[in-house]
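Residue 556, in the numbering used here, is where the sequence shown stops; the numbers in between run on with no holes. C-beta: ideal position from N, C-alpha, C; glycine also.
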Amino acid sequence: MPLALLALAIGAFGIGTTEFVIMGLLPEVANDYGVSIPTAGFLVTGYALGVMFGAPLMTVLGTKVPRKRMLMLLMGLFIAGNLLSALAPAFAVMLAGRVVASLAHGAFFGIGSVVAADLVAPHKRAGAIAMMFTGLTVANVVGVPLGTLVGQSVGWRVTFAVVAALGVVGLAGVAKLVPDLPKAEGVRLRHELAAFKNVQVLLAMAMTVLGFGGVFAAITYIAPMMTHVAGFADGSVTWLLVLFGLGMVGGNLVGGKFADRALMPMLYVSLGALAVVLALFTVTAHDKIASAVTVFLIGALGFATVPPLQKRVLDHAHGAPTLASAVNIGAFNLGNALAAWLGGVVIGAGFGYTAPNWVGAVLAAAALVLAFLSAALERRETAASRTVVGSLPVERPTTTVHH
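Here is the structure:
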């Protein structure tokens, strides 16, 4: 794998840390600002919505900028947002800082996915994408638990200051290791937008929203769920997030490996198993060991869907994949926002801290239905194209008759 993938993974590490660390610190932030846990959940929802809208916006703005320079500008925006969060005197300012940081997220992963895929042979594209996303998953093993520990020990503001410093390291990595890649020639915005006329691209994005939304329905409220229901101490949230992160790393790498071999079967297995595990989490959340195992499985099964879904979008948006790739990252975060909001709704309605798991199970099951629908449509299109080709008249050689 090219060394440039390491630079993309470093940037992904910083972004992954800021995206997920807030979940382990929700009680501390809520207490500091005097807001409820569901209200503090808007820091997750706001970030996710910022990614969703920022992904296409920043990608379109960057169409005239070389990809390396655009990646560096995005990391600069990420640093500014996290500094604002660290210094925020009020909840609204904290939320604004989260949104500013989120604007870099989708475009970085969208452009980074295209760059990663272009650096390797076609049969290794999903693996290259998975390698970049390894930075995001490793963040959940190292960055998020350490950030949670720091936040609980010396204050959550210190955590976001450290995350800003991670952004500086990511910026330096991109500057040093990513080659100077010119923007794609001959590709206009209308070409990029044309990808959204493809039903398979839209279905892949819908699977992304629902499938990964299922993960976030449960994980957004992992801190109160594990402390109030499973009976863990506050400090145990850190190593539970390590388990979730380890699952993400393993699932991401396995998903990347098998997506290059059998993409749709990989989606069937991961989405189906995810729906079952999330439903079972309503029961296993009452037992310490069972809940810990379940947290690991949610991370593994959830992230096993990332490389195949991202590759499917790139495959069906061939020719102009940058915007579609970035919007699919936004779709991940639309799922995050939807799930975090729905989870807060069911908790606020009095159904308890395990209720978001049912929300996640339904979302994952809906994604599985769309996966079967997508495959059925693809088989029908393939059969139709073969029929058309088979019905074309065969040209016969003409003979000249001499009189």
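Own chain partners of LEU495 with C-beta closer than 6 Å, once the 5 adjacent residues on each side are dropped: VAL512
Cβ separation of SER238 and PHE313, assumed to be a contact under 8 Å, to the nearest whole Å: Yes, SER238 and PHE313 are in contact; Cβ-Cβ is about 4 Å, under 8 Å.
Residues of its chain near ASN510, where Cβ-Cβ distance is below 6 Å and the 5 sequence neighbours each way are ignored: If we look at ASN510 and ignore the five residues flanking it on each side, its Cβ neighbours are ALA371, LEU431, PHE434, THR435.
Check whether GLY308 and ALA520 have beta carbons under 9 Å apart: no
PHE411 versus GLU534: straight-line alpha-carbon distance, rounded: 24 Å
Cβ-based burial, HIS471 [other Cβ within 10 Å; buried from 16]: exposed
Residue nearest to LEU490 in terms of C-alpha spacing, selected from ASP468, ALA347, LEU516, THR475: For clarity, residue 490 is Ala in the given sequence; the question names Leu instead. The option with the nearest alpha carbon to ALA490 is LEU516.
C-alpha gap between ALA493 and ALA536, whole angstroms: One alpha carbon belongs to ALA493, the other to ALA536, and they sit about 41 Å apart.
Any 3 or more C-beta pairs closer than 8 Å across the segment 345–353 and the segment 272–289: no
The segment 227–234 / the segment 247–255 touching (three or more Cβ pairs under 8 Å): yes
Beta-carbon proximity list for ALA243, same chain, < 8 Å, skipping 5 on both sides: TYR186
Alpha-carbon spacing of ILE375 relative to THR192, whole angstroms: Rounded to whole angstroms, the gap between the alpha carbons of ILE375 and THR192 is 15 Å.
Cβ-Cβ separation, LEU393 to VAL480 (assumed contact under 8 Å), whole Å: Contact flag wrong, Cβ pair sits at about 32 Å.
Length-filtered (4 minimum) alpha helix (DSSP H) runs lying within the segment 294–332: 297–307, 309–330
heavy atom of the ligand NAD below 8 Å from MET417 C-beta: The ligand content of the structure shown is nil, which means the ligand NAD is not present either.
Spatially closest choice to GLY259 from GLY203, ILE190, VAL295, by CA coordinates: GLY203
Between the CA atoms of VAL522 and THR553 - distance to the nearest angstrom: In this prediction, THR553 scores a pLDDT of 47, lower than 50, which makes its location untrustworthy; no coordinate-derived value is stated.
C-alpha gap between VAL382 and VAL498, whole angstroms: 18 Å
Sequence-distant residues of its chain with Cβ nearer than 6 Å to VAL182 (five each side left out): For VAL182, where only same-chain residues beyond five positions count, the Cβ hits under 6 Å are ALA193, TRP309.
The segment 216–225 contacting the segment 299–307, beta-carbon criterion three pairs below 8 Å: Fewer than three beta-carbon pairs drawn from the segment 216–225 and the segment 299–307 are found closer than 8 Å, and the two stretches are therefore not classed as touching.
Contact under 9 Å by Cβ, LYS441 with PHE385: A contact, by the Cβ cut-off of 9 Å.
Cutoff 9 Å: LEU467 Cβ touching any chain D Cβ: Considering every chain present, this structure includes no chain D. It has just one protein chain.
Within 9 Å, strictly: CB atoms of ASN486 and MET247: No, the pair does not count as a contact, with Cβ atoms beyond the cut-off.
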